[in-house]
Amino acid sequence: MKKLLSILLLSTFILFSNIIDSKKSNYRIAFSLGSIYNFIEASQNSGASISFLTEWKAIINNKFDITFGPKISINTNVDNLKNIAFIYSGINLGGEVNFNYNLKENIKIYTGIEGQVGVGLHTRTYLSYIVDEKKDKKVVYNYNNTTAEYKKNTLNSLSPTGIISLFMGLKINDKYNIALYTGYGKGYIGLEAGYSF
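For the record, in the sequence shown the residue sitting at position 184 is 183 according to numbering that gives the first Met the number 0, with numbers rising by one throughout.
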């Protein structure tokens with residue numbers, strides 16, 4: 000059994016060594032911006048990120064190839080819900096895989112997936128009003144009362160962060176890419192643009 004597993008692993012390694020262009024790796028810088036409004040909850044989610052990644056290419060045939068590599072991102076994600084805002088800012092490390100298909104010369108359509116984890120600052124800002132300042136200085140959340148005296152409260156803490164996204168877009172000359180994405184961590188729906196060098 001061990002011999003069989005060793006043969007399978009060796010065969011896989013040899014296969015991928017033949018199709019991966021190990022002599023040529025690209026670097027890519029990407030910028031993402033996303034936003035969506037929830038009319039039911041009257042809330043808005045927005046996010047942005049800037050990323051850097053190293054890519055290797057596995058050439059399957061003259062029409063199809065796969066690019067993959069590690070990715071590091073700095074991101075900010077904001078959730079606004081009535082009187083409360085949640086802001087997540089962090090640095091994340093993970094990877095991205097793209098499946099590329101040649102539409103015609105120098106133009107590819109691609110779909111991809113990324114996943115990253117990290118750590119960041121979680122800031123919660125909310126408006127509140129004082130019920131009875133003389134009695135016990137009790138502070139409660141306010142959603143409906145618009146005549147009370149408000150005060151702004153901010154809480155900060157370190158927390159885990161993460162990004163997961165699905166992409167679909169175009170690549171031009173294997174240098175420029177633009178894609179629609181959906182996911183979590185940099186806006187639920189948005190656009191990503193990148194440059195490879």
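Cβ atoms here follow ideal geometry from the backbone N, Cα and C, with glycine treated the same way. Note that this is a predicted model, so its numbers are computed, not measured.
Residue i - partner residues in DSSP beta bridges
i, result
"Ile49", "Phe30, Ile73"
"Glu104", "Bridge partners of Glu104: none, in fact."
"Ser158", "Gly119"
"Ala84", "Asn79, Thr124"
"Asn97", "Thr66, Gly111"
"Ser195", "Arg27"
"Ile35", "Asn44"
Among the options, the one whose alpha carbon lies nearest that of residue i
i, options, result
"Gly186", "Ile162, Glu104, Ile39", "Ile162"
"Asp78", "Ala29, Leu165, Tyr125", "Tyr125"
"Lys103", "Asn172, Ile28, Ile188", "Asn172"
"Gly168", "Gly193, Ser156, Ala41", "Gly193"
"Gly68", "Ile58, Phe51, Ala84", "Phe51"
"Tyr87", "Gly46, Tyr26, Phe30, Lys62", "Gly46"
"Leu80", "Phe38, Gly111, Phe30", "Phe38"
"Thr66", "Asn176, Gly184, Ile188", "Asn176"
Nearest-angstrom beta carbon gap, residue j and residue i [assumed within contact, 8 Å]
i, j, result
"Thr75", "Thr122", "The Cβ separation is near 10 Å, so there is no contact."
"Lys56", "Asp64", "6 Å"
"Ser158", "Lys174", "Between Lys174 and Ser158 the Cβ distance is about 37 Å, and since that is not below 8 Å, they are no contact."
"Tyr109", "Asn99", "4 Å"
"Thr53", "Ser24", "6 Å"
"Ser156", "Gly182", "24 Å between Cβ atoms; not a contact."
"Ile58", "Ile73", "Going by Cβ atoms, the distance from Ile58 to Ile73 rounds to 32 Å, so no, they are not a contact pair."
"Leu190", "Leu32", "6 Å"
"Gly111", "Asn97", "4 Å"
Any non-hydrogen atom of the ligand NAD within 7 Å of residue i CB
i, result
"Leu157", "Judged by which ligands are present, the structure shown has none, so any question about the ligand NAD falls away."
- Mind listing, in chain order, the continuous beta strand (DSSP E) runs of no fewer than 3 residues lying wholly within the region 165–190? Counting only runs of 3 or more, we get 175–183.
- Evaluate contact between the region 109–117 and the region 90–99, counting only Cβ atoms and requiring at least three cross-stretch pairs below 8 Å. As far as the Cβ criterion goes, the region 109–117 touches the region 90–99, which means the pair count is three or higher.
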